[in-house]
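Here the sequence shown is numbered in the working numbering, starting from 471 and rising by one per residue.
A short write-up of the structure that comes next.
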Amino acid sequence: MTWNEDSGTVSRAFEDWKWSDRENRAFLRLSARWSGRAYQEAWDEAEKVMNERFDPYLHYGDEHVDLFDDTVDGLWPHAYDWITEASVMKNAVTAFEVYLEKALQEALGSSLTYAGKVHQIKLAAPPRYESPSWRTLVTGHQVLGSKVDTDEVMWARDLRHLLTHQNGALPSDTAVARFRDPDAERDQDELSRAHIGGKVPLGVPRVLKTLDSLAAVVRTADAPAWALGWSPGGRSRWQAVLKALHQQKCITIEPV
């Protein structure tokens, strides 16, 4: 028996991640659909109200724009979309990291018996933290047989950091060069393109491409993780893998 997503021969961590990925994609799709309807209704209502109130001696004809702005509290569709897309990006990277941690722990198990005593197996974590460091996750999956720190993954993690700690504002020329979207900028004017102080460009195509890149790495990583934890052949490697992870200081083994 080998890893097979279609037949459900996957790790439990993979099943949890797949559900999160599905929810994230649905959130992106449904938010766009529902917000589009709501914004159109608000715009139509603003036009209707101003048409009823219009006085050529008092109004200029574009007052419905201000009324719409008041209705949505200044949150115009493009800003709403950006916030939604940023949320999806951050959720996707977090779900990816959660998968890496859970898959390692599932593959290793939670305990072993040594010298007649039960010992607990845990992923090593920095002081005062519950979860392991990024280095531990990368090294752990490398020992299992997969590379999880691909260029696409590192880009996504850097973007998540920018979205979280800079609210998506591009702080430097280096950041602009790293996160600009040349394809999206082809038909944009200069003011709409990525610039220092401006928001990092997102957009549904870019978000989905990032989600697909993370998903590809998860699927690649889950085959050896599942094999170690659930297949007879993989279990025969368990002791050697455990020793390698302990030597790399990726795990702690302590008596219960």
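All residues carry an ideal CB built from backbone N, CA and C; glycine is no exception.
A quick note: this is a predicted structure, and the numbers were derived from the prediction, not measured.
- Query: Taking all protein chains shown into account, do 16 or more other C-beta atoms lie within 10 angstroms of the C-beta of Pro641, making it buried, or fewer, making it exposed?
  - Reply: Numbered from its first residue, the sequence shown carries residue 641 at position 171. With fewer than 16 other Cβ atoms within 10 Å, it is exposed.
- Message: Rounded to the nearest angstrom, what separates Phe649 and Leu629 at their Cα positions?
- Response: Along the sequence shown, read from residue 1 onward, the residue named residue 649 stands at position 179. Along the sequence shown, read from residue 1 onward, the residue named residue 629 stands at position 159. Rounded to the nearest angstrom, the two C-alpha atoms are 8 angstroms apart.
- Item | Contacts around Val613, its chain only, beta-carbon distance under 8 angstroms, and the 5 residues preceding and following it disregarded | In the sequence shown, the residue the question calls residue 613 occupies position 143. Here the set comprises Val711, Ala714, Leu715, Gln718 and Cys720.
- Task: Check whether the Cβ atoms of His635 and Leu570 lie closer than 8 angstroms to each other.
- Result: Here residue 635 corresponds to residue number 165 of the sequence shown, with the count starting at 1. Here residue 570 corresponds to residue number 100 of the sequence shown, with the count starting at 1. Taking 8 angstroms as the Cβ cut-off, His635 and Leu570 do not qualify as a contacting pair.
- Message: Between Thr564, Tyr530, His589 and Gly615, which has its C-alpha nearest Asn494's C-alpha?
- Response: As a position in the sequence shown, residue 494 is number 24, starting the count at 1. For the residues Thr564, Tyr530, His589 and Gly615, the minimum Cα distance to Asn494 belongs to Thr564.
- Simplified DSSP assignment, three categories, for Leu582: For the purposes of this step, residue 582 is taken as the residue at position 112 of the sequence shown. In the structure shown, Leu582 sits in a strand (DSSP, three-state: E or B).
- Give the DSSP bridge partners of Thr479, in chain order. To locate residue 479, count along the sequence shown from 1; it is residue 9. Beta-bridge pairing links Thr479 to Asn474.
- Task: With distances taken Cα to Cα, identify the nearest neighbour of Leu500 among Glu555, Pro652, Ser706 and Leu684.
- Result: Position 30 of the sequence shown, counted from the first residue, corresponds to residue 500. For Leu500, the nearest C-alpha among the options comes from Glu555.
- Tell me whether the beta-carbon of Val646 lies closer than 8 angstroms to the beta-carbon of His665. Within the sequence shown, residue 646 is the residue found at index 176, counting from 1. Within the sequence shown, residue 665 is the residue found at index 195, counting from 1. Result yes, Cβ atoms of Val646 and His665 sit closer than 8 angstroms.
- Item | Whole-angstrom distance between Gly668 and Tyr509, CA atom to CA atom | Taking the first residue of the sequence shown as position 1, residue 509 is located at position 39. Taking the first residue of the sequence shown as position 1, residue 668 is located at position 198. Rounded to the nearest angstrom, the two C-alpha atoms are 24 angstroms apart.
- Item | Own chain residues within Cβ distance below 8 angstroms of Ser505, not counting five before or after | The residue labelled residue 505 in the question sits at position 35 within the sequence shown. For Ser505, where only same-chain residues beyond five positions count, the Cβ hits under 8 angstroms are Pro547, Tyr550, Asp551 and Thr554.
- Query: Which residue or residues does DSSP assign as beta-bridge partners of Ile721?
  - Reply: Here the question's residue 721 lines up with position 251 in the sequence shown. In the DSSP output, where bridge partners are listed per residue, Ile721 has Leu593.
- Query: To which residues of the same chain is Gly638 closer than 7 angstroms at the C-beta, ignoring the five residues directly before and after it?
  - Reply: Within the sequence shown, numbered from 1, the residue matching residue 638 stands at position 168. Counting only Cβ-Cβ distances below 7 angstroms, and skipping sequence neighbours, we find Ala556, Leu632, Lys669 and Val670.
- Message: Rounded to the nearest angstrom, what separates Asp514 and Arg503 at their Cα positions?
- Response: By one-based count along the sequence shown, residue 514 stands at place 44. By one-based count along the sequence shown, residue 503 stands at place 33. Asp514 and Arg503: Cα-Cα distance of roughly 17 angstroms.
- Query: Beta carbon of Ala686: closer than 7 angstroms to some heavy atom of the ligand HEM?
  - Reply: What this structure holds is no ligand at all, so the ligand HEM is not there to describe.
- Query: Distance, Cα to Cα, Pro675 vs Gly478?
  - Reply: Position 205 of the sequence shown holds residue 675. Position 8 of the sequence shown holds residue 478. When rounded, the distance between both Cα atoms is 29 angstroms.
- Enumerate in chain order the residues of its own chain whose CB-to-CB distance from His589 is below 8 angstroms, with the five nearest sequence positions on each side excluded. On the sequence shown, position 119 is the one that residue 589 refers to. These residues qualify, in order along the chain: Ser581, Leu582, Thr583, Ile723, Glu724, Pro725 and Val726.
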